[in-house]
Amino acid sequence: CTRSSLTPALRCSRGWARFDTAPFSHALLHFGLQIFGGLVWILVASTKVAVPMAQGWIMFVSVFCFVMSITLLCLYICGAHGGSRSWVTLDAFCQGTAALFYLSAAVLEAYITQIISSLSVTIPNTAYQENIAAVVFAFLATLMYVIHKVYSFQRWKSS
1 CTRSSLTPAL RCSRGWARFD TAPFSHALLH FGLQIFGGLV WILVASTKVA VPMAQGWIMF
61 VSVFCFVMSI TLLCLYICGA HGGSRSWVTL DAFCQGTAAL FYLSAAVLEA YITQIISSLS
121 VTIPNTAYQE NIAAVVFAFL ATLMYVIHKV YSFQRWKSS
């Protein structure tokens, strides 16, 4: 695209300025959500089941949020949103719901990991390390969803 053919608000960004554009940061946040959410999904799925109900909730949250985020990302990349206000509202609602879900899953995983480590139950060191890694990535995924939620609410407010 040429700079002269576009209005100042729609000019192409070059170099590091591209990272400040809203579409790029939106897509980058979605990719970060996929990475952290996928890691939580894999780590929780590979651990031993100590409390089936807790692991079931954590798996539901990670799979649901992963599928929801990838669907929204694909719709966003395809341009299905059309820049409408309802799309921004849907995005803000989904990211807020996912942030709450992931926060509950991260706290639950941390609590279960702490309980298992404090009991006299002998678990392999690798299983404990996998649980700790799942907790860390669940909190990172929560942080990413909260950041994305804030950006979505800012876009919703300005639209």
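Residue numbers for the sequence shown follow the UniProt record's numbering, beginning at 1 and rising by one.
Ideal Cβ placement from N, Cα and C applies to all residues, glycine included.
Apart from sequence neighbours up to five positions away, the residues of its chain that approach residue 131 with a beta-carbon distance below 6 angstroms are 47 and 113, ordered along the chain. Inter-residue distance for residue 66 and residue 94 is about 12 angstroms (C-alpha atoms, whole angstroms).
Per DSSP, the continuous alpha helix (DSSP H) segment holding residue 56 begins and ends at 52-78.
DSSP places residue 89 within a helical segment (H, G or I) once states are collapsed to three. In this chain, the alpha helix (DSSP H) harbouring residue 126 covers 125-158. Here residue 30 carries a helix assignment [DSSP, helix/strand/coil].
Residue 38 sits in a helix when the DSSP states are folded into three classes.
Each of 28, 140, 53 and 145 was checked against the Cα of residue 74, and the nearest Cα belongs to 28.
Cβ neighbours of residue 134 within its own chain (closer than 6 angstroms, five residues either side excluded): 40, 43, 44 and 109. Minimum Cα-Cα distance from residue 58 among the listed residues 72, 81, 100 and 144 corresponds to 100.
The Cβ atoms of residue 61 and residue 105 lie closer than 9 angstroms to each other. Around the beta carbon of residue 72, a 10 Å sphere encloses 16 or more other beta carbons of the protein chains shown; the residue is thus reported as buried. Each of 97, 79, 87 and 37 was checked against the Cα of residue 138, and the nearest Cα belongs to 37. When the beta-carbon positions are compared, residue 128 and residue 117 come within less than 9 angstroms of each other. DSSP, read as helix, strand or coil, puts residue 119 in coil. DSSP places residue 47 in the coil class of the three-state scheme, outside both helix and strand.
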